[in-house]
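**Student:**
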Amino acid sequence: MTLAILCPGQGGQHAGMFALTGDAAASQPLFNRAAELLGHDPRTWVREAGHEALHANHTAQLLCTLQALAAATALADVLPPRCCIAGYSVGEMAAWQIAGLITASDTLALVAARADAMDAARQSRSGEQGLLFVRGLDRTGIDRLCANREAAVAIVSPGDAWVLGGMRQALAEIAVQALAQGAARVVPVDVQVASHTRLMADATASFRRTLAGARIARAPRPGARLFSGIDGEVVLNAAPGAEKLALQISQPVQWAACLEACIEAGATAFFELGPGRALSQMVAGAYPGVDARSLDDFRTLQGARDWLLRAQSLA
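Quick note, the sequence shown lines up with residues 1138 to 1452 if you use this note's numbering.
1. So, for Ala1208: in the same chain, excluding its five sequence neighbours on each side, which residues have a beta-carbon less than 7 Å away from its beta-carbon?
2. Have a look at Phe1270 and Gln1314 and give me their C-alpha separation to the nearest angstrom.
3. Taking all protein chains shown into account, do 16 or more other C-beta atoms lie within 10 angstroms of the C-beta of Val1324, making it buried, or fewer, making it exposed?
4. With the cut-off set at 9 Å, would you say Thr1334 and Ala1298 are in Cβ contact?
5. Going by other Cβ atoms of all chains shown within 10 Å of its Cβ, with 16 needed for buried, is Ala1369 buried or exposed?
6. Which value, in whole angstroms, describes the spacing of the CA atoms of Gly1264 and Gln1329?
7. When you compare only the Cα positions, how much space is there between Asp1243 and Leu1191?
8. Compare the C-alpha of Ala1383 against each of Val1427, Ala1349, Ile1292 and Glu1397 and name the closest.
9. Find the nearest neighbour of Ile1120 within the set Ala1356, Gln1385, Leu1373 and Phe1408, judged by alpha-carbon distance.
10. What I want to know is whether the C-beta of Asp1243 ends up closer than 8 Å to one or more non-hydrogen atoms of the ligand SAM.
11. Does the separation of the CB atoms of Thr1405 and Thr1202 fall below 9 Å?
12. Quick one: Cα of Arg1251 to Cα of Ser1226, how far?
13. Taking a contact to mean a Cβ-Cβ separation below 9 Å, would you say Arg1286 touches Glu1310 in this structure?
14. Between the segment 1360-1376 and the segment 1220-1237, are three or more C-beta pairs nearer than 8 Å?
15. Name the DSSP beta bridge partners of Cys1221, please?
16. May I ask which residues mark the beginning and end of the alpha helix (DSSP H) holding Ser1417?
17. Can you look up Gly1302 in the DSSP assignment and give me helix, strand or coil?
18. Could you tell me which of Gly1413, Asn1169 and Gly1278 sits nearest to Asn1317, measuring between CA atoms?
19. State the Cα-Cα distance for the pair Met1154 and Val1183, rounded to the nearest angstrom.
20. Check whether the Cβ atoms of Asp1434 and Ala1448 lie closer than 9 Å to each other.
21. Could you name each continuous alpha helix (DSSP H) segment of 4 residues or more that falls completely within the segment 1230-1287, going from the start of the chain to the end?
22. Would you please state the rounded distance, in angstroms, between the beta carbons of Leu1445 and Leu1143? I believe it to be under 8 Å.
23. Might you give, ordered along the chain, the residues of its own chain that have their beta carbon closer than 7 Å to the beta carbon of Ala1320, omitting 5 neighbours on each side?
24. When burial is assigned at 16 or more other CB atoms within 10 Å of the CB, is Arg1259 buried or exposed?
25. Write down every uninterrupted run of the beta strand (DSSP E) in the segment 1310-1341 whose length is 3 residues or greater and which is fully enclosed by it, in chain order.
26. Go ahead and pull the three-state DSSP assignment for Glu1189.
27. Compare the beta carbon distance of Arg1305 and Gly1267 with 9 Å and say whether it is the shorter of the two.
28. Please list, in chain order, all residues of the same chain as Ala1163 whose beta carbon is under 8 Å from its beta carbon, the five residues on each side excluded.
29. When the Cα atoms are used, what is the spatial distance from Glu1185 to Gly1176?
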């Protein structure tokens, strides 16, 4: 078996997201570091926070990265050294850490800087920004809806599934027209910035400067096959990879290409680190013969360990 590890972006955070990882001894330094950055212990805070606070951009990016890193750390004894790794949106930051390019502590600090840069870019423009999910229209139809509006494709997923980013007024107009044109599903995404669109160009420039001063290894660790979000290509060298990591903030994420690259690399099982099940469900829909699970599918860490070990034994 070749395992593909998937790191989610924001949107799936929830009150019980640290139920399995919060008490794992190996993950304690991560929660301590996150508490420094957030100003409170994330394990107790998520259980008490309201919806709006839980989905604030800065907090959401840190929480989702923390969960992915905590899960990978807690399950490190059963994650194979040879694997594919891909991250969805801010999940690409966690993917870089799991691939051995950045320390966990530095990854959390970089995610905080990334979120701050995106919030600054949003605040520099008047009006509210957001994301919109649309399924069931082809690319031509999607591009036509976005034309002459402050909106663009932000994420390309399998099966004519799109996340559009832009100004909320433009997205609201697109939602009405998409349904009128036969879209199977149209729903706002609970994210407050126009991620992966030109509206985040200033954030790309800011984060590029931050990455230039970061401690990053020259290449992923042996056995780690890391894929870049904006083109699905393998990251072989950290320097050009870091430039793509900065560009990813203001350019579309080619998630369908990332999943296809994992399949072409021989992935026969996918494991989503959580929070949420969105990525594993995408895999199941696009590749029905491939086993795909999320940490959120399990009631205990041992259950996840058993599945990972069983999947590897079937190789």
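Each residue gets a CB set at the ideal place from its N, CA and C atoms; glycine is no exception.
**Tutor:** Short version:
1. Thr1158, Leu1410, Gly1411 and Leu1432
2. 13 Å
3. exposed
4. no
5. Sequence inspection shows Gly at residue 1369; the Ala mentioned does not correspond to that position. Gly1369 is buried by the Cβ-count criterion.
6. 11 Å
7. 23 Å
8. Ala1349
9. Look at the range of the chain in this structure, 1138 to 1452, and you will see that residue 1120 is not part of it.
10. Within the structure as shown, the ligand SAM is missing, as the structure has no ligands at all.
11. no
12. 11 Å
13. yes
14. yes
15. Ala1141 and Arg1362
16. Ala1415 to Ala1423
17. strand
18. The sequence shown places Ala at residue 1317, rather than the Asn named in the question. Among Gly1413, Asn1169 and Gly1278, the Cα nearest to that of Ala1317 belongs to Gly1278.
19. 8 Å
20. no
21. 1241-1260 and 1276-1283
22. Actually they do not touch by this definition, with Cβ atoms about 13 Å apart.
23. Val1271, Arg1272, Gly1273 and Leu1274
24. buried
25. 1322-1326
26. helix
27. yes
28. Thr1210, Ala1211 and Ala1213
29. 15 Å
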